[in-house]
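Visitor:
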Ligand code: PLP
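In full-length UniProt numbering, the protein residues as written are 12 to 422.
1) Please classify residue 395: does DSSP put it in a helix, a strand, or coil?
2) Return the first residue and the last residue of the beta strand (DSSP E) that residue 162 is part of.
3) Using a Cβ-Cβ cut-off of 8 Å, state whether residue 210 counts as contacting chain B.
4) According to the Cβ coordinates, are residue 55 and residue 402 closer than 8 Å?
5) Flag this pair as yes or no: are the beta carbons of residue 411 and residue 376 separated by less than 8 Å?
6) Give me, in chain order, the residues of the same chain whose beta-carbon lies closer than 6 Å to that of residue 5; leave out the 5 immediate sequence neighbours on both sides.
7) Taking the beta carbon of residue 111 as the centre, do at least 16 other beta carbons fall within 10 Å, making it buried, or is it exposed?
8) Any chance the CB of residue 331 is under 7 Å from a heavy atom of the ligand PLP?
9) Is residue 3 near the ligand PLP, in the sense that its beta carbon is under 7 Å from a heavy atom of that ligand?
10) Does residue 84 pass the burial test, meaning 16 or more other C-beta atoms within 10 Å, or should it be called exposed?
11) Can you name the residues that DSSP bridges to residue 350?
12) Shortest alpha-carbon distance to residue 187 belongs to which of 218, 316, 70, 166?
13) Express the C-alpha separation of residue 135 and residue 321 in angstroms, rounding to a whole number.
14) Does DSSP put residue 494 in a helix, a strand or coil?
15) In terms of residue numbering, what span does the beta strand (DSSP E) encompassing residue 408 cover?
16) By DSSP, does residue 232 sit in helix, in strand, or in coil?
17) What span of residues does the alpha helix (DSSP H) with residue 251 cover, start to end?
18) Between the Cα of residue 208 and those of 123, 242, 50, 226, spot the shortest distance and give me the residue it belongs to.
19) With a threshold of 8 Å, are at least 3 pairs of Cβ atoms found where one atom belongs to the stretch 109 to 129 and the other to the stretch 285 to 304?
20) Span of the alpha helix (DSSP H) holding residue 206?
21) Going by CA-CA distance only, name the one from 314, 203, 221 that's closest to residue 211.
22) Report all residues from its chain with a CB closer than 7 Å to the CB of residue 324; omit the five preceding and five following residues, and keep chain order.
23) Classify residue 362 as helix, strand or coil using the three-state DSSP reduction.
24) Quick one: give me the first and last residue of the beta strand (DSSP E) that residue 186 is part of.
25) By Cβ distance, which residues of its chain are closer than 7 Å to residue 163, with the 5 residues on each side in sequence left out?
26) Ordered along the chain, which non-local residues of its own chain (more than five positions away) have a Cβ less than 6 Å from that of residue 74?
27) Out of curiosity, what's the CA-to-CA distance linking residue 190 and residue 109?
28) Determine the DSSP secondary structure at residue 149, reduced to helix, strand or coil.
29) Spatial neighbours of residue 171 within its chain, please: C-beta separation below 7 Å, excluding the five flanking residues on both sides.
30) Where does residue 326 land, buried or exposed, given buried means 16+ other C-beta within 10 angstroms?
31) Taking residue 361 as the reference, which of 334, 422, 413 has the closest Cα?
32) In whole angstroms, give me the CA-to-CA distance for residue 290 and residue 385.
33) Please report how far the alpha carbon of residue 271 lies from the alpha carbon of residue 283, in whole angstroms.
34) Threshold first: 4 residues or longer. Then list the alpha helix (DSSP H) segments lying entirely within the stretch 16 to 85, N to C.
35) Roughly how many whole angstroms lie between the Cα atoms of residue 346 and residue 63?
36) Taking the continuous beta strand (DSSP E) assigned at residue 272, which residues delimit it?
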């Protein structure tokens, strides 16, 4: 028996040692505290459309409510047949060949499936190529599964396209897969076909799985079109992720899916592992599953919002124009998604700790952003702006950022 005075601190598992998720990190905690004290913070930190009045399409809500009486039971662990069938049809519209209902697993958002895909594949010491900057859940999920994320550069000079030379240079005997986030969070980049073909060539040559996170594939500006990387080859294994959170503004429904396609013949054991992991959590939440068929089948998408006169497109333009008018701030105009990832010229803003910089901005100006290093960016000279708030809030927030930066320059 332990004497009460000798009780040890309960430590978290070593597996969490390198897991970081700054989007919901310490600066957010401070912002919450300030809100509790009655202060109003303008939040440009999380891609949560519903918070900014971008609601779930009415028809999806109605169908979930209408079917709620069926939602009290476990489903097949991969998900209900009808939504999986509609996802299969979606893969056909994106020219991903050879996908059957059996190749689709529905999850509680893409987040759960990213963790599952990594847990099912990696042994301790395995490596996965993850973009830099990244959506940090990918790095965290690789780490939690015992692997190591090796970050390949996305190059700002080319509009944030993956640097294929750097990608290939990071491959070792332990590399198992490449993560491709397209359209990209946090940069807003949309990859051209040649880049995707270059990535496939690398994966083919080194026998790697491609994990394609395409959760923003309908949030496209300026008439851009999205190409699913899995549509470009059948001799590489692809795991493609998508869901309702962004295209259909239904983050809280926790409905996402992953699709296996391409070289499945030599992946039977991995696929069995994924099925086992899906069974362990019994099934994804059923109300969320009930929205999928309606979303994919009807006129529910985000098209009106991203059109030239649409709300999201206008907000992107305003945010881009105002940010790039600040001295020493440059930015690639996002072709897709809901984020800007501006650069602060280090000659003008010699920032050493960008988390502190973001915290100071919060305390002084009541604007909440996420620092670039929170996306595993290697230098403290970027931050991410979510352009979901309306034009008035965005304008006010960026004026405050400009004022903060002006004072910073004077210091
Ligand atoms: N992947 C990317 C690139 C994201 O930006 C997000 C959420 O912001 C997710 C995955 C997680 O999505 P979900 O809500 O489906 O878990």
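Glycine included, C-beta positions come from ideal geometry on N, C-alpha and C.
Guide: This is what the structure gives:
1) Here residue 395 corresponds to residue number 384 of the chain shown, with the count starting at 1. For residue 395, the three-state secondary structure derived from DSSP is strand.
2) Indexing the chain shown from 1 puts residue 162 at position 151. Taken as a continuous stretch (DSSP letters only), the beta strand (DSSP E) holding residue 162 covers 159 to 166.
3) The displayed structure is made up of one protein chain only, and chain B is not part of it.
4) Here the question's residue 55 lines up with position 44 in the chain shown. Here the question's residue 402 lines up with position 391 in the chain shown. The Cβ-Cβ distance between residue 55 and residue 402 does not fall below 8 Å.
5) As a working note, residue 411 is residue 400 in the chain shown. As a working note, residue 376 is residue 365 in the chain shown. It is a contact, given that the beta carbons lie within the stated cut-off.
6) The structure shown has nothing for residue 5, since the chain only spans 12 to 422.
7) Looking up residue 111 in the chain shown gives position 100. Burial is judged here by how many other beta carbons sit within 10 angstroms of a residue's own beta carbon; residue 111 has fewer than 16 and is exposed.
8) The residue you call residue 331 lines up with position 320 of the chain shown. No, the beta carbon of residue 331 sits no closer than 7 Å to any heavy atom of the ligand PLP.
9) The structure shown does not extend to residue 3, since the chain is modelled only from 12 through 422, so no value can be given for it.
10) Numbered from its first residue, the chain shown carries residue 84 at position 73. With fewer than 16 other Cβ atoms within 10 Å, it is exposed.
11) The count along the chain shown starts at 1 and reaches residue 350 at position 339. Paired residue(s): 397.
12) On the chain shown, position 176 is the one that residue 187 refers to. Checking every option, the nearest Cα to that of residue 187 belongs to 218.
13) Residue numbering aside, residue 321 sits at position 310 when the chain shown is read from its first letter. Residue numbering aside, residue 135 sits at position 124 when the chain shown is read from its first letter. So the alpha carbons of these two residues sit roughly 47 Å apart.
14) With the chain represented from 12 up to 422, any question about residue 494 goes unanswered, as that position is not in the structure.
15) One-based indexing of the chain shown puts residue 408 at position 397. Segment 402 to 421 is the alpha helix (DSSP H) holding residue 408; no beta strand (DSSP E) there.
16) Stepping through the chain shown from its first residue, residue 232 is reached at position 221. Coil.
17) Within the chain shown, residue 251 is the residue found at index 240, counting from 1. Taken as a continuous stretch (DSSP letters only), residue 251 belongs to no alpha helix (DSSP H), being part of the beta strand (DSSP E) at 248 to 254.
18) Indexing the chain shown from 1 puts residue 208 at position 197. Residue 208 has its Cα closest to that of 242, out of 123, 242, 50, 226.
19) In short, these stretches touch, since the Cβ pair count reaches three.
20) Counting from one through the chain shown, the residue named residue 206 turns up at place 195. First-last of the alpha helix (DSSP H) with residue 206: 204 to 217.
21) The count along the chain shown starts at 1 and reaches residue 211 at position 200. The closest CA to that of residue 211, considering only 314, 203, 221, is found on 221.
22) Indexing the chain shown from 1 puts residue 324 at position 313. So the qualifying residues of the chain are 232, 317, 318.
23) Translated into the one-based positions of the chain shown, residue 362 becomes position 351. Looking at residue 362 - three-state DSSP - the assignment turns out to be coil, as it is neither helix nor strand.
24) To locate residue 186, count along the chain shown from 1; it is residue 175. Counting along the chain, the beta strand (DSSP E) containing residue 186 begins and ends at 186 to 192.
25) Here residue 163 refers to the residue found at position 152 of the chain shown. Here the set comprises 140, 142, 143, 173, 174, 177, 178, 181.
26) Position 63 of the chain shown holds residue 74. Spatial neighbours of residue 74 in its own chain (CB-CB distance under 6 Å, excluding positions within 5 residues in sequence) are listed in chain order as 305.
27) In the chain shown, counting from the first residue as 1, residue 190 sits at position 179. In the chain shown, counting from the first residue as 1, residue 109 sits at position 98. So the alpha carbons of these two residues sit roughly 22 Å apart.
28) Position 138 of the chain shown, counted from the start, is the residue given in the question as residue 149. The DSSP-derived three-state label of residue 149 is helix.
29) To locate residue 171, count along the chain shown from 1; it is residue 160. If you ignore the 5 residues before and after residue 171, its C-beta comes within less than 7 Å of the C-beta of 165, 195, 198, 200, 343, all in its own chain and listed in chain order.
30) The residue you call residue 326 lines up with position 315 of the chain shown. Residue burial is scored here from C-beta neighbours: residue 326 has at least 16 other C-beta atoms within 10 angstroms and is therefore classed as buried.
31) Here residue 361 corresponds to residue number 350 of the chain shown, with the count starting at 1. It is 422 whose Cα lies nearest to the Cα of residue 361.
32) Walking along the chain shown from the start, residue 290 turns up at place 279. Walking along the chain shown from the start, residue 385 turns up at place 374. Going by the C-alpha atoms only, they are around 33 Å apart.
33) By one-based count along the chain shown, residue 271 stands at place 260. By one-based count along the chain shown, residue 283 stands at place 272. Between the alpha carbons of residue 271 and residue 283 lies a gap of roughly 12 Å.
34) Entirely contained in the stretch 16 to 85, the alpha helix (DSSP H) runs reaching 4 residues are, in chain order, 37 to 47, 69 to 77.
35) The count along the chain shown starts at 1 and reaches residue 346 at position 335. The count along the chain shown starts at 1 and reaches residue 63 at position 52. One Cα belongs to residue 346, the other to residue 63, and the distance between them is close to 21 Å.
36) Working through the chain shown from its first residue, we reach residue 272 at position 261. It spans 267 to 273 - the beta strand (DSSP E) in which residue 272 sits, taken as one unbroken run.
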